[in-house]
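Notes follow the structure.
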Amino acid sequence: MPFSSIRLTLKRSYLTIICALLVPVLVLLATIAGLSLRYGSRIQNIETANLLRETAGEQITEETWQIVSGNLAFADGQQYAYLSRIVTGIQTLEAAGSASDSQYLQAAARASETMKNYFDVLGKQIAENQAVAYRESVMEEIGSVARLIDGMLQNYIGEEIVRIGELNRRIQTTTLVLVIVSFALLAVTGWYARKSYRHVRRAIDTPVAALDRMASAISAGNWDARTAMPQAEEFRGLARHLNHMAGRLEHSVAEQLVAEKNLQKAEMRTLQAQITPHFLYNTLDTIIWLAEAERNQEVMDITMALTSFLRISLSSGQDFIPVAREIEHIKSYLAIQFTRYGSTLEYNIEMDESLAQVPVLKLLLQPLVENAIYHGVRAKRGRGRIVVSALRAGAGHMTFSVADNGIGIEPDRLRALQDGLASGACPATPSGGFGLYNVAQRIRLYYGTGLQITSIYREGTTISFTIPCKEQENVSYLSGGR
Numbered sequence: 085m086p087f088s089s090i091r092l093t094l095k096r097s098y099l100t101i102i103c104a105l106l107v108p109v110l111v112l113l114a115t116i117a118g119l120s121l122r123y124g125s126r127i128q129n130i131e132t133a134n135l136l137r138e139t140a141g142e143q144i145t146e147e148t149w150q151i152v153s154g155n156l157a158f159a160d161g162q163q164y165a166y167l168s169r170i171v172t173g174i175q176t177l178e179a180a181g182s183a184s185d186s187q188y189l190q191a192a193a194r195a196s197e198t199m200k201n202y203f204d205v206l207g208k209q210i211a212e213n214q215a216v217a218y219r220e221s222v223m224e225e226i227g228s229v230a231r232l233i234d235g236m237l238q239n240y241i242g243e244e245i246v247r248i249g250e251l252n253r254r255i256q257t258t259t260l261v262l263v264i265v266s267f268a269l270l271a272v273t274g275w276y277a278r279k280s281y282r283h284v285r286r287a288i289d290t291p292v293a294a295l296d297r298m299a300s301a302i303s304a305g306n307w308d309a310r311t312a313m314p315q316a317e318e319f320r321g322l323a324r325h326l327n328h329m330a331g332r333l334e335h336s337v338a339e340q341l342v343a344e345k346n347l348q349k350a351e352m353r354t355l356q357a358q359i360t361p362h363f364l365y366n367t368l369d370t371i372i373w374l375a376e377a378e379r380n381q382e383v384m385d386i387t388m389a390l391t392s393f394l395r396i397s398l399s400s401g402q403d404f405i406p407v408a409r410e411i412e413h414i415k416s417y418l419a420i421q422f423t424r425y426g427s428t429l430e431y432n433i434e435m436d437e438s439l440a441q442v443p444v445l446k447l448l449l450q451p452l453v454e455n456a457i458y459h460g461v462r463a464k465r466g467r468g469r470i471v472v473s474a475l476r477a478g479a480g481h482m483t484f485s486v487a488d489n490g491i492g493i494e495p496d497r498l499r500a501l502q503d504g505l506a507s508g509a510c511p512a513t514p515s516g517g518f519g520l521y522n523v524a525q526r527i528r529l530y531y532g533t534g535l536q537i538t539s540i541y542r543e544g545t546t547i548s549f550t551i552p553c554k555e556q557e558n559v560s561y562l563s564g565g566r
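Be aware that the sequence shown starts at 85, since it is given in my numbering, and climbs by one per residue.
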């Protein structure tokens, strides 16, 4: 299963899983809702029929008796209102029922018409003051019709009860089928999720392992090491820049062997090249650890930060980059370190915006920040803090500083370090001094200044340098260094 994008693959997998889980639930709810509405409609029909039975069997009979016995005037009686209620109720039941319901409801409707005729006859008898015997005969006929309507409605109710039983069995069967289908879909979804997980993990682990092997080979001095382009697009930029970096490193080493007149510059670049693979090795180890922990978003974040870090490190072979790019380089580096150290590290970066496009020798701050992390804040308890600043220092100059609240430097060690940097001699022990020596030598070579170090043991250290703001040769990197 080829991958064009890990992000797209994850999105597609999530949508598939959500749909697979949501669709059967919606179908189940819709089906149960439809059946429940039909169930409720049947119950409502039974209730309506019972009310009509009560009207026909009790209210009409009682009203007729009151009229015939002379206790109630025919014109004041509610017999026609009761009959209208029955007719309207039957019509409602017919509208809500099925074809099989009509035989009882139609019979009840016909009986209602007959009852109306008897009411008309009774009214005429009373108006003509006919004998009571005639009225009682009509009353008996009205009672017979009322009982007929009651019987038809009773039969209708019986049929509705039978249909409710069938509907209940259908609800149970449908629910069981949908539950079985839901469990089947759940099983298929679990299988798909497991398959997607394996594909995504392979898409992450394979290129990371290949990049790790390449970084290890470069760290061991194998400058012609290269890696194939991974399928996942999130790693292609990193692989492309690593290959380009390896090619540049190989080319730089070759130039160092034939350019004796630039020996000192070549040595500085070699020092820089020796630092980068070691940092890459540690970072790729972190990526592998995050990938094994299935923290995919953090894998993508640290990968993008590493890509930006390498892009600026290369800068198309240019020695000078704008201050804004140098600061961006530090941001990428600190973002990677923050992923590794988490809550034990915090940092702040300050830059005078007027310096954004001023050229500066690249990669001056990263060794200082690395020194602050590994020999400052990491050696103390509690949260470490690093402050990086790039500010103007009077007319035509700018000051860079890296301050930490780490363990600081013991007074004797501080004096030895200051003396060594002032004399240009590499410290006897590289720990805590190799990166500083590299930066100090490059600053002295290109700018003629040096590093200033202040430190209070157990409180923190500040390393700074002030250099002139000046244009470098043709500054072509401003347009081509990205």
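Cβ atoms here follow ideal geometry from the backbone N, Cα and C, with glycine treated the same way.
Comparing alpha-carbon positions, which option in 487, 538, 452 and 188 lies nearest residue 500?
Shortest Cα-Cα distance from residue 500 to any of 487, 538, 452 and 188 involves 538.
Relative to the C-alpha of residue 495, which candidate in 529, 544, 376 and 314 has its C-alpha closest?
Ranking the options by Cα distance to residue 495, first place goes to 544.
Starting from residue 251, trace the alpha helix (DSSP H) in both directions and tell me its first and last residue.
216-303
Scan the region 513-555 and note each continuous beta strand (DSSP E) run of 3 residues or more that stays entirely inside, going in chain order.
536-540 and 544-552
Does residue 366 pass the burial test, meaning 16 or more other C-beta atoms within 10 Å, or should it be called exposed?
So residue 366 counts as exposed.
Who pairs with residue 432 in a beta bridge, going by DSSP?
BP columns for residue 432 point to 471.
Quick check: residue 472 and residue 531, are their CB atoms within less than 9 Å of each other?
no
Quick check on the DSSP output: the alpha helix (DSSP H) that includes residue 391 runs from which residue to which?
Element bounds for residue 391: 380-398.
If you draw a straight line from the C-alpha of residue 437 to the C-alpha of residue 551, how long is it?
For residue 437 and residue 551, the distance between alpha carbons rounds to 17 Å.
Going by other Cβ atoms of all chains shown within 10 Å of its Cβ, with 16 needed for buried, is residue 265 buried or exposed?
Counting Cβ neighbours within 10 Å, residue 265 comes out exposed, since fewer than 16 surround it.
Check whether the region 106-122 touches the region 185-201, taking contact to mean three or more Cβ pairs, one atom from each stretch, closer than 8 Å.
no
Rounding to the nearest angstrom, what Cα-Cα distance links residue 418 and residue 470 in this structure?
Taking the straight line from one Cα to the other gives about 10 Å.
Could you give the DSSP three-state label for residue 447: helix, strand or coil?
coil
Counting C-beta neighbours from all protein chains within 10 Å, is the total for residue 267 16 or more, i.e. buried, or is it exposed?
exposed
According to DSSP, simplified to helix, strand and coil, what is residue 482?
strand
Under the three-state reduction of DSSP, which class applies to residue 308: helix, strand or coil?
coil
Would residue 420 pass as a contact of residue 393 if the rule is Cβ separation under 9 Å?
yes
Report the partner residues of residue 406 according to the DSSP bridge assignment.
In the DSSP assignment, residue 406 forms a beta bridge with 443.
Work out the CA separation of residue 176 and residue 73 for me, nearest whole Å.
Because the chain is modelled from 85 through 566, residue 73 falls outside the range shown and cannot be assessed.
Answer yes or no: do residue 461 and residue 426 have a C-beta to C-beta separation smaller than 9 Å?
Contact: no.
Here's the rule I'm using: 16 or more other beta-carbon atoms within 10 Å means buried, otherwise exposed. How should residue 446 be labelled?
The Cβ neighbour count for residue 446, taken over all protein chains shown within 10 Å, is at least 16; the residue is labelled buried.
Across which residues does DSSP place residue 476 in a beta bridge pair?
482
Just to confirm, are residue 424 and residue 370 a CB contact at a threshold of 9 Å?
Taking 9 Å as the Cβ cut-off, residue 424 and residue 370 qualify as a contacting pair.
Candidates 303, 377, 481 and 226: which alpha carbon is nearest residue 444's?
481
With DSSP as the reference, identify every bridge partner of residue 487, one or two as the case may be.
471 and 546
Near residue 435, what residues of its chain come up, given a Cβ to Cβ distance below 6 Å and the 5 sequence neighbours on each side ignored?
411 and 474
Quick one: what's got a C-beta closer than 8 Å to residue 344's C-beta in the same chain, skipping five residues either side?
At residue 344 the pLDDT is 45, less than 50, meaning the model places this residue with poor confidence; the figure from the coordinates comes in the next sentence. For residue 344, where only same-chain residues beyond five positions count, there are no Cβ hits under 8 Å.
Taking 7 Å as the limit between beta carbons, can you name the residues of its chain near residue 403, skipping five residues before and five after?
445 and 446
Within 10 Å of its beta-carbon, does residue 456 have 16 or more other beta-carbons around it, so buried, or fewer, so exposed?
Buried: at least 16 other Cβ atoms inside 10 Å.
Could you tell me which of 152, 172, 171 and 259 sits nearest to residue 209, measuring between CA atoms?
152
Which stretch, first to last residue, makes up the alpha helix (DSSP H) that contains residue 173?
163-180
Can you tell me where the alpha helix (DSSP H) with residue 145 in it begins and where it stops?
144-152
For residue 246, count neighbouring Cβ atoms within 10 angstroms of its own Cβ and tell me buried if that reaches 16, exposed if not.
By the neighbour-count criterion, in which a residue is buried when 16 or more other Cβ atoms sit within 10 angstroms of its Cβ, residue 246 is exposed.
Can you find the residues in the same chain that come closer than 7 Å, C-beta to C-beta, to residue 607, ignoring five residues on each side of it along the sequence?
Lying outside 85 to 566, the shown extent of the chain, residue 607 is not represented and no answer is given.
May I have the straight-line CA-CA distance separating residue 355 from residue 309, to the nearest angstrom?
Note on residue 355: pLDDT 48, under 50, position unreliable in the model; the coordinate value appears next. Residue 355 and residue 309: Cα-Cα distance of roughly 19 Å.
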